[in-house]
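Per our numbering, the very first residue in the sequence shown carries number 197; after that it's consecutive. The C-beta atom is built at its ideal place from N, Cα and C for all residues, glycine as well. Accompanying notes for the structure given below.
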Amino acid sequence: MRPFEYERATDVAHAVTLVAERPNARFLGGGTNLVDLVRRGVETPDSLVDVTGLPLAAVEEIAGGGLRVGAVVTNADLAHHPLVRTHYPLLSQAVLAGASGQLRAMATVGGNLLQRTRCPYFTDLTTACNKREPGSGCAAREGFTRYAAVLGASEHCVAVHPSDMAVALAALDARVELTSSTGVREVAVTDLYRLPGETPRIETVLSPGELITAVVLPAPPAGRSRYRKVRDRASYAFALVSVAAVLAVEDGRITTARLALGGVAPKPWRAAAAESLLFGAEPTAEAFAAAIDAELADAKPLPGNEFKLDLTRRTVVAVLRRLHDEGATA
Ligand SMILES: Cc1cc2nc3c(=O)[nH]c(=O)nc-3n(C[C@H](O)[C@H](O)[C@H](O)COP(=O)(O)OP(=O)(O)OC[C@H]3O[C@@H](n4cnc5c(N)ncnc54)[C@H](O)[C@@H]3O)c2cc1C
Ligand code: SF4
Numbered sequence: 197m198r199p200f201e202y203e204r205a206t207d208v209a210h211a212v213t214l215v216a217e218r219p220n221a222r223f224l225g226g227g228t229n230l231v232d233l234v235r236r237g238v239e240t241p242d243s244l245v246d247v248t249g250l251p252l253a254a255v256e257e258i259a260g261g262g263l264r265v266g267a268v269v270t271n272a273d274l275a276h277h278p279l280v281r282t283h284y285p286l287l288s289q290a291v292l293a294g295a296s297g298q299l300r301a302m303a304t305v306g307g308n309l310l311q312r313t314r315c316p317y318f319t320d321l322t323t324a325c326n327k328r329e330p331g332s333g334c335a336a337r338e339g340f341t342r343y344a345a346v347l348g349a350s351e352h353c354v355a356v357h358p359s360d361m362a363v364a365l366a367a368l369d370a371r372v373e374l375t376s377s378t379g380v381r382e383v384a385v386t387d388l389y390r391l392p393g394e395t396p397r398i399e400t401v402l403s404p405g406e407l408i409t410a411v412v413l414p415a416p417p418a419g420r421s422r423y424r425k426v427r428d429r430a431s432y433a434f435a436l437v438s439v440a441a442v443l444a445v446e447d448g449r450i451t452t453a454r455l456a457l458g459g460v461a462p463k464p465w466r467a468a469a470a471e472s473l474l475f476g477a478e479p480t481a482e483a484f485a486a487a488i489d490a491e492l493a494d495a496k497p498l499p500g501n502e503f504k505l506d507l508t509r510r511t512v513v514a515v516l517r518r519l520h521d522e523g524a525t526a
């Protein structure tokens with residue numbers, strides 16, 4: 197491992213200045229992803245600026261009925277917060293579906309959103325990877341594709357984004373507050389991430405040195421919600437496919453339909469085509485299947501991950517059916 201400097205930031209302006217001043221510096225949250233990557237030589241920062249001491253560890257109610265979640269709130273504190281459990285159960289379920297108890301106790305909200313892909317070739321320095329080394333190629337396309345993307349990928353990179361939290365936040369229309377030396381701005385969580393195109397190394401719209409300071413949740417949507425994650429092991433495994441769904445039905449018609457997919461794309465995938473077909477439809481299994489089929493119409497599976505299409509379809513239909521059945525019997 198290469199030596200690096202470590203500094204603990206005392207306030208947001210200090211953190212932003214420290215990273216802006218040092219071109220090869222990184223913010224350090226819980227370190228559960230970044231430190232692994234430094235150990236493996238995938239990330240080679242000269243300097244780490246620890247942000248966990250910043251006054252960004254609160255979950256607060258905001259005007260209009262939403263929540264402001266500080267960027268250094270741990271995954272465990274977020275998942276177990278009474279307001280999150282009561283009003284955003286989908287988010288709590290998604291966070292608890294990720295990693296392990298020990299990791300969630302360390303990992304922060306900002307770090308979770310910016311964790312790097314789990315594509316096995318990204319961390320194997322002996323293989324070609326355009327994300328790690330631009331122009332070197334993509335070993336995954338003809339390699340192990342079980343976890344690779346079927347939507348939104350490019351010939352240059354087929355890696356998926358690994359965060360469960362981000363998928364739930366996408367379905368909840370959450371926004372991310374970003375702070376830099378030039379000010380504060382907000383972007384929708386779905387707009388935080390870029391598709392790989394020809395430049396898979398550039399994963400987000402963050403400017404150099406920009407710090408995630410909070411996640412802002414609007415008032416909870418009407419209806420019932422659920423996060424379901426399908427994986428190779430019951431715990432401690434990343435998603436093959438995950439679904440964050442919100443459904444409300446009135447007088448036999450769907451009045452709210454939110455759907456976000458994980459494990460299938462380089463970013464949390466808001467299923468807009470499916471949502472527009474669901475809105476106003478009768479809540480039948482046929483309508484649910486037709487909606488997700490429309491979303492998957494442009495999917496491009498690779499040899500070895502075609503199963504994800506059927507798995508996504510079945511998972512979406514099962515989640516929506518369950519939400520509808522629970523609503524009908526409530
Ligand atoms: C064995 C294992 C299993 C896992 N399983 C899952 C899983 O199933 N689902 C899942 O979602 N996650 C999973 N994770 C990932 C885990 O959730 C992430 O490692 C964790 O959320 C990262 O948070 P952190 O605070 O430790 O980030 P760090 O490792 O500190 O940082 C990650 C990245 O974010 C940047 N960063 C951190 N904070 C900020 C900020 N405020 N602003 C700007 N940049 C910032 C860092 O510079 C770095 O690039 C797993 C991890 C492990 C090790
Ligand atoms: S899929 Fe992306 S991360 Fe994986 S090897 Fe290809 S370029 Fe690298």
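Residue i versus residue j - alpha carbon distance
{"i": "Ala160", "j": "Ala275", "result": "Any question about residue 160 goes unanswered here, given that the chain covers just 197 to 526."}
{"i": "Gly294", "j": "His357", "result": "13 Å"}
{"i": "Thr395", "j": "Glu491", "result": "25 Å"}
{"i": "Pro462", "j": "Leu309", "result": "13 Å"}
{"i": "Glu382", "j": "Leu263", "result": "14 Å"}
{"i": "Ala303", "j": "Gly225", "result": "7 Å"}
{"i": "Arg429", "j": "Tyr343", "result": "13 Å"}
{"i": "Leu505", "j": "Ala495", "result": "8 Å"}
{"i": "Thr480", "j": "Ala211", "result": "51 Å"}
{"i": "Cys334", "j": "Val231", "result": "24 Å"}
{"i": "Tyr202", "j": "Glu217", "result": "14 Å"}
Collapsed DSSP secondary structure at residue i in the structure displayed
{"i": "Gly379", "result": "strand"}
{"i": "Glu446", "result": "strand"}
{"i": "Ile258", "result": "coil"}
{"i": "Ile488", "result": "helix"}
{"i": "Arg509", "result": "helix"}
{"i": "Thr270", "result": "strand"}
{"i": "Arg397", "result": "coil"}
{"i": "Thr386", "result": "helix"}
{"i": "Thr323", "result": "coil"}
8 Å Cβ cutoff met for residue i and residue j
{"i": "Val513", "j": "Leu455", "result": "no"}
{"i": "Leu507", "j": "Leu457", "result": "no"}
{"i": "Ala355", "j": "Ala345", "result": "yes"}
{"i": "Gln289", "j": "Asn229", "result": "no"}
{"i": "Pro316", "j": "His352", "result": "no"}
{"i": "Ala301", "j": "Thr322", "result": "no"}
{"i": "Ala487", "j": "Ala470", "result": "yes"}
{"i": "Arg328", "j": "Val238", "result": "yes"}
{"i": "Leu347", "j": "Val460", "result": "yes"}
{"i": "Arg314", "j": "Phe434", "result": "yes"}
Whole-Å CB distance - residue i paired with residue j, under 8 Å assumed
{"i": "Gly266", "j": "Ala410", "result": "6 Å"}
{"i": "Val515", "j": "Arg424", "result": "5 Å"}
{"i": "Thr341", "j": "Gly227", "result": "Their Cβ separation, rounded to whole angstroms, is 30 Å, which puts Thr341 and Gly227 out of contact at 8 Å."}
{"i": "Ala415", "j": "Gly260", "result": "6 Å"}
{"i": "Arg422", "j": "Leu519", "result": "6 Å"}
{"i": "Thr319", "j": "Arg236", "result": "5 Å"}
Short CB-CB distance (under 8 Å) between residue i and chain D
{"i": "Val265", "result": "Protein chain content of the structure displayed is limited to a single chain, and chain D is not contained in it."}
Closer than 7 Å: residue i CB and nearest ligand 3 heavy atom
{"i": "Asn229", "result": "In the structure shown, ligand 3 is absent; the only ligands present are ligand 1 and ligand 2."}
Practice prompt. Decide if the region 445-460 is in contact with the region 397-409; the criterion is three or more beta carbon pairs, one per stretch, under 8 Å apart.
Written response: no
Query - Cβ pair count under 8 Å reaching 3, the region 271-286 against the region 243-250 - result: no
- [ ] Report yes or no: do three or more beta-carbon pairs, one from the region 381-396 and one from the region 459-473, lie closer than 8 Å?
- [x] yes
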